[in-house]
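Novice: Take this structure first; my questions come after.
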Amino acid sequence: MDSKLLSSVIDVGLLCIDQEDVGEDSDLGSLWLHLKNSVQLTLGLHEGNLSPSTLESVLLSWSAMLRDCGDLESLLLKIGDLDHYLLQMRAIVDYTEIHGLWKLQLSALELVLKTTELQESGDFSEAIIVLSRLVLQYSRLGFCTKASALLKRAEQYLTHSNTTCLAILSYRLAHVGYLLETDDINQAATVLAKARALYEKYQKKEDLNSCSTLSKILWERLVADAAFMSSRLSFAQGSVNDALFFAKLSVRLNCRIWAKIEKLSQKKQDKMLQATDNSELETVVEGMAKLEVAQAAPVPNPVYSQGAPFWPHIGSHHTALLNLASLSAHHGLFQDAIYYGEQALKINKSLNANVRLIASQAQLGSHWIFGGHLSEGQELLEAAESLSKQLESSVELVSLQVGLASLYRAQGRYLDEQRALLEADRLMTQVAGSDGLDASATIPNLEDQMKKLQLQGTAKKTRQRAATTTTTTRRTRAATVSASNASKKTETPATQSQSESESTSLSHLRSEILRQQAACLRTLRDFEKASMTLHNARKFATSRDSQISLQIGESEHLLADAIRHFATHAVYCVLPESTISLPSLQSPSKVPSKSSTSKPASTRKTRAPARTPARSTRAKSAKPTEDFSVMLSKAGESLNAIFPTATTIGSTLDSHAASRLMSRISMLSHVTVPESSGLLSQSPANMNEIGRIGAFTRERAAISLDKQLANYCDPLLWPSAEAKAKLEEDLYSRFTEDYIEILPENWNVLSLSLSADCTEFVVSRLHKGRSPFLLRLPLKRGSEDDEEDQFTFEDGKEEMKELIKLTNQSAHAAKHQNDRQSKKEWWKNREALDRRMENLLQNIENVWFGGFRGIFSPMPHETESLERFAALFQNVLDKHLPSRQKGRRAEGPHLTLHPNVLELFLGVKDLESQEDPEETLMDLLYFVVDILQFQGERNAYDEIDFDMMVVETLDALRGHHDAVRNDHKKRTMNSTVLVLDKSLHMFPWESLPCLQGLPVCRVPSLECLRDRILQFQTDRAGRKHEFGIDSRNGTYILNPTGDLQTTQGTFEKELLGLEHWQGISKREPTEDEFRHGLETKSLFLYFGHGSGAQYIRGRTIKRLERCAITFLMGCSSGALTEAGEYEPYGTPMNYLQAGSPALVATLWDVTDKDIDRFAKSTFDKWGLLGGEKEAVALDEAVCQSRQACVLKYLNGAAPVIYGIPSVFLE
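Following this line, the structure appears as structure tokens:
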């Protein structure tokens, strides 16, 4: 239309809206109200200023008009053109869907439904689709009873023979959504199976590929929505891998539909909308398009704001993305959760859809916070908070407050956290108590109901179940049906509360708020109120995930309360700062101790808390003992109830939490509750590994799903998982057989874990044929006097980060040093950083591990020499412990230390050369006295002559080492495998003084180790060594950028001389060349910048069928990026997931000459380049070659091995 004419029409339209009568157009009197509404709606859309209040007044006016229409004839008298009226109503439905104006959408849907019913055409397909959509919305809002009534109403229409297959399937998918929301999982599976059977039967009769483009899009939309519902159902059934598969498929199908519509929208409107010549529709469509373009802020990708063709699909696309982001977080996949969350955010930003925008900002913000990126999370949550001021109470706002509470907790702002959670609770009460729209009421009641209805919506959290919304409609995303004509009376409040209690999503959210409130109250030391809050949460914890979260929360609470009660006990008051070992005694039977009341137990002079329990407290110690014993027992019972579920199908966050908790509760119970040991089916050392095993397995499963989906190309194929994943078996029933007995005899596996509050290490040693040995090692074990000088984990981590930052800057500055003075300064700086790194590693060993560094000792178990030392040490104890003096021996049992404890003494090497060997031994002697104390042999610390004990123990150790020194060379040391917690990967543990010169490698989990062992076991034919590879089957990429001349000169000649090898030199490889080398060779060498990520994508590596042993001799090639509560990611994880037996890479940036020296020495000692007559295993070659670097720490400590030890070339 000509712009001047258009402007004139708009002016006239605005004038008409303001008029109160029809003037001379008296013949239009009966149509006046409808026409006025129609013009107001069209102008609002066209001008881009349609406000919710204007829309509400239009809907109220139309509902009043419909109230007086008993049949189609009376309706036509008031609206004239029925088709145009319905088009406008459907446009409102789409518009409100985009903007999350749920109350207005429900009103519009009811009006469409009423109008459709008045038509009495006999084809109720459209009515069924509208009912389906209403059911889905009511289910999402928690009004499940109303949704049920609507389902019954739709069922009546299904009996008509001419109902379309699309309508029936829309109804069934919506029914599935309702059943999932009411936790009827079995029935939901039955209904979904029937929907599939009907679809496939119809597909055999009708060729869906031959129908019109728009019709085909409707069927593709149905399939995408079926994938989404399959994801929700699988998750509810406990098949979390299938849930992730269907979620990925749903997003993939939605993206395909999106791309198709984008392509269509570039053509003319009349071609795109083939079946319509209706100019009024074009006016509505163009008005919508203009509205969105006018309102949306500029975004980099403008496709989302190209208008109405996208609108029916936005809701499904948005919900599918948030569902996938949530499930990615459930699997611990931080990068995926952020990526899909940002895609949803992009849609909502471009549409200026505030309610949905808040939902996506709250979810994405929470992912950032749990991932340790507080600033990114804060920015999103603050943006959502400013938007939220314009909105009424809704579930989105509840989730926003929960997200803000997570932010405040991470920042240590606990009072702010408490306020946010109380606000979330208040909003939740408003939302759950809202009268809502009575779905079973007729249009005459609409006006009153609309005044009461609050804005509603859904929101998602990291631990929350997948979103409830689905879609399968023609013009708009449709979904479920439900409603009965029978119940037209207004529900009583009691009925409403019943319907709300049926909503699993709302119940889960309420339970989560209360659980977090309890955790906050516990942090604020209000244990009584926290306990009451947890009790209140139980009635809302109806879903599986709610129960997992709540019972973990209850276990945490009971454990914290038990620890609080230790302070009032004569003996256990020192327990929080004491090292605990399992096992500690050969006969750990504890007897009731009379000495706890008859003999005062003094506090330890240099070790433990300064607080000395008062006599009156000690006299009453029996009751506190009983109290915390009961608490620990209840904590264990609470956790046991959900442990198998939490660790197999719960989120990785829950799995880690349950694993850590179970280990910690078991350890404390072992010390304080005599009969607890017999109740443990597994060692706490084994339990401690479950979380990491599960996390590695989850990521591997996700990669496998991506491989499956890479070949999935039929958008009209009903979604089904290739291999239906059953409920995963528990990870611990065969733990010893699967993870310990599979280890070679000469491997020491040492697992290092950090407590959630970063105040203690849990170190466990796992060895084939031996019982697991576990140490709980508080970092704060020293004197209270030097509290300000404590070297905390945070201190060590910050120093490590600072060192890596300065080292990386220094490494890259090398090429800019042109004159002698600047080179001298550069070297001086590098040497200072080298000394600083050395000092940090010494502090880590001396302060964090102290006397317990012996746990790292790789010396094999020697029974005879151990028994000799045990006898000598027993004499020291008998001589100096008051409990063993003459006249007192009868008071308690004669306890014998476990060999594992004695090995800690023997494992401390070079005591004579240490500056302060006394401090090292003092650490262990206090530990031994603690063991005896906790197990019933009481001693007052101030009555023990620890100085003489140190002297005599040193003599005993000296005698032991002298005795074994002669045959030391005959014994080969064990290889050490470090299983590192996700927050410990940045440290060069291999270069601790106690591990220097020893063969060490690292893995993220025992599952990763097991994978590689099985890999070699299945292919042992013709191999000399258990872990041997073909030295002739290799390839290399040397100096691909052409600027590493020294590296080229060092290796080129010898690499060219390797038999059967082929490589790439002085040119950049293609991704296919890089991939082919990794996938087809046994050994792959890369000498270049970084990790080679500029030549091959991480996802390409992860999806390889097999992967070579790889050397990445570039800067920071082995650095992992931490992701807070989620799993770390980076190049090493890509190679490990691809199945590489071993990856040699650097933790930070290195200089080329030193790393060339290291690599050359490693290849020589390993036997690759023939420099050594007797080749050694890869891990030994690496540890010996660190010394080849000029800077032993700055460059020598950087290379590490991810994977297995003992790999030989053959």
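Going left to right, the sequence shown walks through residues 1 to 1210 as full-length UniProt numbering numbers them.
Positions of the beta carbon are idealized from the N, C-alpha and C atoms, including for glycine.
(1) Can you list, in chain order, the residues of its chain with a C-beta nearer than 7 Å to that of L1194? Leave out the 5 residues immediately preceding and following it.
(2) Kindly give me the distance between the Cβ atoms of I1204 and A1145, rounded to whole angstroms, as I take these residues to be in contact under 8 Å.
(3) When you compare only the Cα positions, how much space is there between G997 and L1168?
(4) Figure out for me which residue from D923, K263 and P860 has the closest Cα to the Cα of G769.
(5) Does the Cβ-Cβ distance between I1201 and C994 come in under 7 Å?
(6) What are the uninterrupted segments assigned as alpha helix (DSSP H) that are 4 or more residues long and contained completely in the stretch 234-265, given in chain order?
(7) Using the three-state DSSP reduction, which class does E760 fall into: helix, strand or coil?
(8) With 16 other CB atoms within 10 Å as the buried threshold, where does K594 fall?
(9) Tell me which same chain residues have a C-beta within less than 6 Å of the C-beta of W368, skipping the five on either side of it?
(10) Need the endpoints of the beta strand (DSSP E) that I1064 sits in, please.
(11) Report all residues from its chain with a CB closer than 8 Å to the CB of L113; omit the five preceding and five following residues, and keep chain order.
(12) Using only the alpha-carbon positions, how far apart do T190 and A325 sit?
(13) Should R356 be counted as a contact of the ligand NAP given a C-beta to heavy atom distance under 6 Å?
(14) Note down the Cα distance separating G1170 from L1058, rounded to an integer number of angstroms.
(15) Spatial neighbours of V876 within its chain, please: C-beta separation below 8 Å, excluding the five flanking residues on both sides.
(16) Alpha carbons only, please: which of L904, G341 and G1028 is nearest the one belonging to E1210?
(17) L754: buried (16+ other C-beta within 10 angstroms of its C-beta) or exposed?
(18) Throw me the rounded Cβ distance for the I1064 and E1073 pair, which I believe falls under 8 Å.
(19) A695 and G1130: beta carbons closer than 7 Å?
(20) To the nearest angstrom, how far is it from the Cα of L169 to the Cα of L198?
(21) To the nearest whole angstrom, what separates the beta carbons of Q517 and L397, a pair I think is in contact under 8 Å?
(22) Just verifying my parser: in three-state terms, what is the DSSP assignment at P583?
(23) According to DSSP, simplified to helix, strand and coil, what is N686?
(24) Using the C-alpha atoms, what's the distance from F1158 back to T792?
(25) So which of E1026, L59 and D1164 has the shortest CA-CA distance to T1050?
(26) State the DSSP-derived secondary structure class of A1145, mapped to helix, strand or coil.
(27) For I1204, name the three-state secondary structure that DSSP assigns.
(28) Starting from C1001, follow its DSSP beta bridges and name the residues at the other end.
(29) Hey, out of R781, T1035, Q817 and H898, whose CA is closest to I846's CA?
(30) Taking the DSSP output, what are the residues bridged to W747?
(31) Can you list, in chain order, the stretches of the beta strand (DSSP E) that have 3 or more residues and sit fully within the stretch 1061-1125?
(32) Mind pulling the alpha helix (DSSP H) runs of 4 or more residues that sit fully within the stretch 375-430?
(33) For E491, name the three-state secondary structure that DSSP assigns.
(34) If we count the other Cβ atoms within 10 Å of its Cβ and call it buried at 16 or more, is K349 buried or exposed?
(35) Over the uninterrupted beta strand (DSSP E) stretch that includes G936, give me the two end residues.
(36) Between which two residues does the alpha helix (DSSP H) carrying L1038 extend?
Specialist: Judging by the given coordinates:
(1) The residue given as residue 1194 occupies position 1194 in the sequence shown. So the list reads T807, R830, L833, D834 and M837, once near-sequence residues are dropped.
(2) For this step, residue 1204 is matched to residue 1204 along the sequence shown. For this step, residue 1145 is matched to residue 1145 along the sequence shown. Going by Cβ atoms, the distance from I1204 to A1145 rounds to 15 Å, so no, they are not a contact pair.
(3) Start at 1 with the first residue of the sequence shown, and residue 997 comes out as number 997. Start at 1 with the first residue of the sequence shown, and residue 1168 comes out as number 1168. Distance between the alpha carbons of G997 and L1168 is about 20 Å.
(4) Here residue 769 refers to the residue found at position 769 when the sequence shown is read from its first residue. The shortest Cα separation from G769 among D923, K263 and P860 belongs to P860.
(5) Here the question's residue 1201 lines up with position 1201 in the sequence shown. Here the question's residue 994 lines up with position 994 in the sequence shown. No, Cβ-Cβ distance for I1201 and C994 is not below 7 Å.
(6) Secondary structure remark: continuous alpha helix (DSSP H) runs of at least 4 residues inside the stretch 234-265, in chain order: 240-265.
(7) In the sequence shown, residue 760 corresponds to position 760, counting from 1. The answer is strand: DSSP assigns E760 an E or B state.
(8) Translated into the one-based positions of the sequence shown, residue 594 becomes position 594. With a pLDDT of 39 at K594, under the threshold of 50, the modelled position of that residue is not reliable, and the figure given next carries that caveat. K594 comes out exposed.
(9) Here residue 368 is taken as the residue at index 368 of the sequence shown, counted from 1. In its chain, beyond the 5 residues on either side, E376 and G377 have a beta carbon closer than 6 Å to the beta carbon of W368.
(10) Start at 1 with the first residue of the sequence shown, and residue 1064 comes out as number 1064. Where I1064 is concerned, the enclosing beta strand (DSSP E) stretches over Q1062 to S1065.
(11) Numbered from its first residue, the sequence shown carries residue 113 at position 113. Within the same chain, and ignoring the five residues on either side of L113 in sequence, the residues whose Cβ sits closer than 8 Å to its Cβ are A127, V130, L131 and L134.
(12) Here residue 190 refers to the residue found at position 190 of the sequence shown. Here residue 325 refers to the residue found at position 325 of the sequence shown. Whole-angstrom Cα-Cα distance: 27 Å.
(13) The ligand NAP is not part of the structure shown, which contains no ligands of any sort.
(14) On the sequence shown, position 1170 is the one that residue 1170 refers to. On the sequence shown, position 1058 is the one that residue 1058 refers to. About 10 Å.
(15) By 1-based counting over the sequence shown, the position of residue 876 is 876. Take V876, set aside five residues on each side of it, and the residues of its chain with a beta-carbon closer than 8 Å to its own are M949, E952, T953 and A956, in chain order.
(16) Here residue 1210 refers to the residue found at position 1210 of the sequence shown. It is G1028 whose Cα lies nearest to the Cα of E1210.
(17) As a working note, residue 754 is residue 754 in the sequence shown. Under this definition L754 is a buried residue.
(18) What you label residue 1064 is simply residue 1064 of the sequence shown in a count that begins at 1. What you label residue 1073 is simply residue 1073 of the sequence shown in a count that begins at 1. 7 Å between Cβ atoms; contact.
(19) Numbered from its first residue, the sequence shown carries residue 695 at position 695. Numbered from its first residue, the sequence shown carries residue 1130 at position 1130. The Cβ atoms of A695 and G1130 lie no closer than 7 Å to each other.
(20) In the sequence shown, residue 169 corresponds to position 169, counting from 1. In the sequence shown, residue 198 corresponds to position 198, counting from 1. Each residue's alpha carbon lies about 8 Å from the other.
(21) The residue given as residue 517 occupies position 517 in the sequence shown. The residue given as residue 397 occupies position 397 in the sequence shown. Going by Cβ atoms, the distance from Q517 to L397 rounds to 17 Å, so no, they are not a contact pair.
(22) Here residue 583 is taken as the residue at index 583 of the sequence shown, counted from 1. Here P583 sits in coil by DSSP.
(23) Locating residue 686 in the sequence shown gives position 686, where the first residue counts as 1. N686 falls in the helix class under three-state DSSP.
(24) Within the sequence shown, numbered from 1, the residue matching residue 792 stands at position 792. Within the sequence shown, numbered from 1, the residue matching residue 1158 stands at position 1158. Whole-angstrom Cα-Cα distance: 32 Å.
(25) In the sequence shown, counting from the first residue as 1, residue 1050 sits at position 1050. For T1050, the closest of E1026, L59 and D1164 by C-alpha to C-alpha distance is D1164.
(26) As a first step, residue 1145 is located in the sequence shown; it is residue number 1145 there, counting from the start. In the three-state reduction of the DSSP assignment, A1145 falls in the strand class.
(27) Taking the sequence shown and counting its residues from 1, one reaches residue 1204 at position 1204. I1204 falls in the coil class under three-state DSSP.
(28) Position 1001 of the sequence shown, counted from the start, is the residue given in the question as residue 1001. Bridge partners of C1001: V977.
(29) Taking the first residue of the sequence shown as position 1, residue 846 is located at position 846. As written in the sequence, residue 846 is Asn, which differs from the Ile given in the question. With distances taken between Cα atoms, N846 lies closest to R781.
(30) Here residue 747 is taken as the residue at index 747 of the sequence shown, counted from 1. According to DSSP, W747 bridges with S975.
(31) Secondary structure within the stretch 1061-1125: the beta strand (DSSP E) runs of 3 or more consecutive residues, fully enclosed, are 1062-1065, 1083-1087 and 1109-1112 (chain order).
(32) DSSP runs (the alpha helix (DSSP H)) wholly in the stretch 375-430: 395-410.
(33) Residue 491 sits at position 491 when you count from the first residue of the sequence shown. Confidence at E491 is low in this model, with a pLDDT of 32, below 50, so its placement is unreliable and no value can be given for it.
(34) Your numbering for residue 349 matches position 349 in the sequence shown. By the neighbour-count rule (16 or more Cβ atoms within 10 Å), K349 is buried.
(35) Walking along the sequence shown from the start, residue 936 turns up at place 936. Run containing G936: none; DSSP gives neither H nor E here.
(36) The residue given as residue 1038 occupies position 1038 in the sequence shown. Boundaries around L1038 are those of the beta strand (DSSP E), G1034 to L1038, since no alpha helix (DSSP H) includes it.
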